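Student:
2 protein chains.
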Amino acid sequence: MDGQGRFIRIDDPADPRIAEFTAMRDRDLAGRGDRFIAEGRVVLQALVDAQAGDARFVLEKILLLENRVEGTGDLLDHVEPGCPVYVAGRDVLDAAVGFAMHRGILAVGRHVPPASFDAFLSRLPDRALLVAACGISNHDNIGGIFRNAGVFGADGVVLDSSCCDPLYRKAIRVSVGAALRVPFCRAGSIAEMVRSLTLNGFEVIGLSPQGSQTLSAFEPGRRVALLAGTEGEGLPADILERLTTLRIEQAPGMDSLNVATASGIALWQAACRMGRV
Amino acid sequence: MDGQGRFIRIDDPADPRIAEFTAMRDRDLAGRGDRFIAEGRVVLQALVDAQAGDARFVLEKILLLENRVEGTGDLLDHVEPGCPVYVAGRDVLDAAVGFAMHRGILAVGRHVPPASFDAFLSRLPDRALLVAACGISNHDNIGGIFRNAGVFGADGVVLDSSCCDPLYRKAIRVSVGAALRVPFCRAGSIAEMVRSLTLNGFEVIGLSPQGSQTLSAFEPGRRVALLAGTEGEGLPADILERLTTLRIEQAPGMDSLNVATASGIALWQAACRMGRV
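Below you can see the structure in the form of structure tokens.
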């Protein structure tokens, strides 16, 4: 840690240098454009790691509660010198952010999306496992899908255009930082996504309670994309009829699984069968 | 449906006949004692079914938004005549309940707990699958565990004394009504729970990232209880060392699974291997 010279004191909640954090109140920033808010030590760690590892993220600024400075030193050692680190007292931070939910550690990150979906796919290894998320509009669910993708070592998550933003604050939090660790890419409509995946050698597997094969009997090939749809509607019938479909065996007559849980079960099975875990 | 005579009009939000619903504002009722609030059509349906099926629940009263009456008729046909059905306009209902989140369908239910944990266990079939939840303090997670228990046809959920209430409003909602469909019982401390389960012929399986066997290799016997602990701490070491422990295979170095997701994966595998789904 390079001493006190690193820290920039903020005494005015309206200081324009921390305006992005103030905008959290209105959710102006969160989930809009490519900038996002990272909260808490685990998520900031993920952002610092992601920035060091590749060029997917830029860490733009950090805002710390003054009593969190000491415990954050080892993490700041890996933050580039050009990234400002602002420090404020509790009153200023609460007034700026608008509530006391910030855990004392905040950062603004910027996502640098892949140049295109094809560019994203071209960088994947020969043996690859993806989750393809379609129409997931709930931040808990998208966060849960990323968390599972991280736990089971998936190579990425691809999102159709109607999925919500995995970099929305709650989604990042629920993902326990995996939204910053697991590479992801937007991929247009479901049909466009399926077409590109297929052209890139992926077996696209539709997860559906009406799937024609059981997950237990699934024997994955070298490149697998697990397609998971919304909980209410599921995947569109015209998409499913062109795909291999798998059902996660369940007791008859019961309600369906939560989509994030379904992704976890299918990822675990695929990762085991592919010898990845 | 027995016509308009069934419905009792409420015009005053402070009417004492709907006081339990008004208490939702302060969470006085929700999760205290054995009474609970059921919200929405799916959950009321589960409560009506549960009441008809066995004596685990009593449906005490229903409160409907006036424009939901027509669509609820088929459900009310199965409600005992002694259960009052109150009807109110939107202004009265919003003022009584305190917010506009009630979906227009509310009920007060009462849980009739088993006489004892042993009494609960004695009623289970010879081949049985349980989830044993320990220290789950998050309502999303307890709701998710019940949802998974329902989907995979578990015979019940047993809860140590430190688990939160599965009949808390949010837990019921997240469970999609499974908290009312899947039998459950409190079981004292974890050690007491494990002892009773073992005495009743259950193989108690501790789910842990440090488990000695893999879930893939798990060959369940006739009676299985899957023990799931808190996400932060996990299961206590002195409990784990006396149990068969299973780890859900995952990529090295990643964070752990969410506990509800872990329960879903383990339940699916157990239910498949036990020939239950």
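Protein sequences, first through last, are from chains A and B. Counting in UniProt numbering, the first sequence runs from 1 upward without gaps. Counting in UniProt numbering, the second sequence runs from 1 upward without gaps. Ideal Cβ placement from N, Cα and C applies to all residues, glycine included. If you're wondering where the values come from, they're calculated on a predicted model, not measured in any experiment.
(1) Just mark Gly73 of chain A as buried or exposed, buried being the case when its beta carbon has 16 or more other beta carbons within 10 Å.
(2) Spatial neighbours of Val48 of chain A within its chain, please: C-beta separation below 8 Å, excluding the five flanking residues on both sides.
(3) Closer than 9 Å, Cβ to any Cβ of chain A: which residues of the stretch 146–173 of chain B, in chain order?
(4) Looking at the structure shown, is His78 of chain B part of a helix, part of a strand, or coil, going by DSSP?
(5) Can you tell me the Cα-Cα spacing of Phe202 of chain B and Ile142 of chain B, whole angstroms?
(6) Among all the DSSP beta bridges, which residues are the ones paired with Gly156 of chain B?
(7) Go through its chain and collect everything with a Cβ distance to Cys163 of chain B's Cβ below 6 Å, but skip five positions before and after it.
(8) Answer yes or no: does any C-beta atom of chain A fall closer than 8 Å to that of Asn258 of chain B?
(9) If you count every other CB in all the chains shown that lies within 10 Å of the CB of Val176 of chain A, and 16 or more means buried, which is it?
(10) Classify Thr245 of chain B as buried or exposed, calling it buried when 16 or more other Cβ atoms lie within 10 Å of its own Cβ.
(11) Decide if Gly104 of chain B is buried, meaning its Cβ has at least 16 other Cβ atoms within 10 Å, or exposed.
(12) Anything in the stretch 66–89 of chain A with a Cβ closer than 9 Å to a Cβ of chain B? List those residues in chain order, please.
(13) Give me the DSSP bridge partner(s) of Lys61 of chain B.
(14) Express the C-alpha separation of Leu199 of chain A and Ala171 of chain B in angstroms, rounding to a whole number.
(15) Could you tell me the alpha carbon to alpha carbon distance between Thr261 of chain B and Pro209 of chain B, rounded to whole angstroms?
(16) Would a C-beta distance cut-off of 8 Å place Ala154 of chain A and Leu180 of chain A closer than the cut-off?
(17) Just how far apart, CA to CA, sit Ile145 of chain B and Ile37 of chain B?
(18) Which residue marks the beginning of the alpha helix (DSSP H) containing Gly53 of chain A, and which one marks its end?
(19) Taking DSSP as the reference, what is the three-state secondary structure of Ala260 of chain B?
(20) Taking any Cβ of chain A, which residues in the stretch 194–218 of chain B have a Cβ under 9 Å from it, in chain order?
(21) At the 8 Å Cβ level, is Gln250 of chain B part of the contact set with chain A, yes or no?
(22) Does the CB of Asp255 of chain B have a neighbour CB from chain A at under 8 Å?
(23) What's the C-alpha gap between Arg223 of chain B and Ala271 of chain B?
(24) Please find out if some non-hydrogen atom of the ligand FAD comes closer than 7 Å to the beta-carbon of Gly232 of chain B.
(25) Can at least three beta-carbon pairs, one atom from the stretch 90–99 of chain A and one from the stretch 110–122 of chain A, be found at a separation below 8 Å?
(26) Between Arg173 of chain B and Val259 of chain B, how many whole angstroms is the CB-CB distance? I'm expecting something under 8 Å.
(27) What is the residue span of the beta strand (DSSP E) that residue 282 of chain A lies within?
(28) In chain order, what are the residue ranges of uninterrupted beta strand (DSSP E) at least 3 long that sit wholly in the stretch 200–238 of chain A?
(29) Using the Cβ count rule (16 or more neighbours within 10 Å means buried), how would you classify Asn148 of chain A?
(30) Of the choices A:Val157, A:Pro183, A:Glu233, A:Gly221, whose alpha-carbon is the least far from that of Gly264 of chain A?
(31) Quick check on Cys185 of chain A: does DSSP put it in helix, strand or coil?
(32) Please tell me whether Thr22 of chain A has its Cβ less than 8 Å away from any Cβ of chain B.
(33) For Gly144 of chain B and chain A, any beta-carbon pair shorter than 8 Å?
(34) Comparing C-alpha positions only, which one of A:Pro81, A:Cys83, A:Leu106, A:Arg56 sits nearest to Glu66 of chain A?
Tutor: So, from the data block:
(1) When all chains shown are included, Gly73 of chain A counts as exposed.
(2) Within the same chain, Cβ atoms closer than 8 Å to the Cβ of Val48 of chain A are found at Leu59, Leu75, His78, Val79, the five residues on either side in sequence being excluded.
(3) If the cut-off is 9 Å between Cβ atoms, the stretch 146–173 of chain B has Arg147, Asn148, Gly150, Val151, Phe152, Gly153, Ala154 near chain A.
(4) In the structure shown, His78 of chain B sits in coil (DSSP, three-state: anything other than H, G, I, E or B).
(5) Cα-Cα distance, rounded: 22 Å.
(6) Paired residues: B:Leu130.
(7) Contacts found: Ala133, Ile136.
(8) Yes, its Cβ sits closer than 8 Å to a Cβ of chain A.
(9) Label assigned to Val176 of chain A: buried.
(10) Result: buried.
(11) Taking all protein chains shown into account, Gly104 of chain B has 16 or more neighbouring C-beta atoms within 10 Å of its C-beta and is therefore buried.
(12) Per Cβ criterion, the list is empty.
(13) Lys61 of chain B is bridged by DSSP to B:Val108.
(14) So the alpha carbons of these two residues sit roughly 43 Å apart.
(15) If you take the alpha carbons of Thr261 of chain B and Pro209 of chain B, they lie about 13 Å apart.
(16) No; because the gap between Cβ atoms is not below 8 Å, this pair is not in contact.
(17) When only Cα atoms are considered, Ile145 of chain B and Ile37 of chain B end up about 19 Å apart.
(18) First-last of the alpha helix (DSSP H) with Gly53 of chain A: 40–53.
(19) Here DSSP, grouped into helix, strand and coil, assigns Ala260 of chain B to helix.
(20) For the stretch 194–218 of chain B, the residues whose beta carbon sits under 9 Å from a beta carbon of chain A are, in order, Thr214, Leu215, Ser216.
(21) So yes, Gln250 of chain B belongs to the interface.
(22) So yes, Asp255 of chain B belongs to the interface.
(23) Taking the straight line joining both Cα atoms gives about 11 Å.
(24) With respect to small molecules bound, the structure shown includes none, and the ligand FAD cannot be examined in it.
(25) Judged by Cβ distances under 8 Å, the stretch 90–99 of chain A makes no contact with the stretch 110–122 of chain A, as fewer than three pairs qualify.
(26) Going by Cβ atoms, the distance from Arg173 of chain B to Val259 of chain B rounds to 18 Å, so no, they are not a contact pair.
(27) Any property of residue 282 of chain A remains undetermined from this structure, which presents chain A solely from 1 to 277.
(28) At a cut-off of 3 residues, the continuous stretches assigned as beta strand (DSSP E) that sit fully inside the stretch 200–238 of chain A are 203–207, 223–228.
(29) In this structure Asn148 of chain A is buried. Its beta-carbon is surrounded by 16 or more other beta-carbon atoms within 10 angstroms.
(30) It is A:Val157.
(31) DSSP, read as helix, strand or coil, puts Cys185 of chain A in strand.
(32) Interface flag for Thr22 of chain A against chain B is unset, since no Cβ pair is found closer than 8 Å.
(33) Answer yes: the Cβ-Cβ gap between Gly144 of chain B and chain A drops below 8 Å somewhere.
(34) If we check each option's Cα against that of Glu66 of chain A, A:Leu106 comes out closest.
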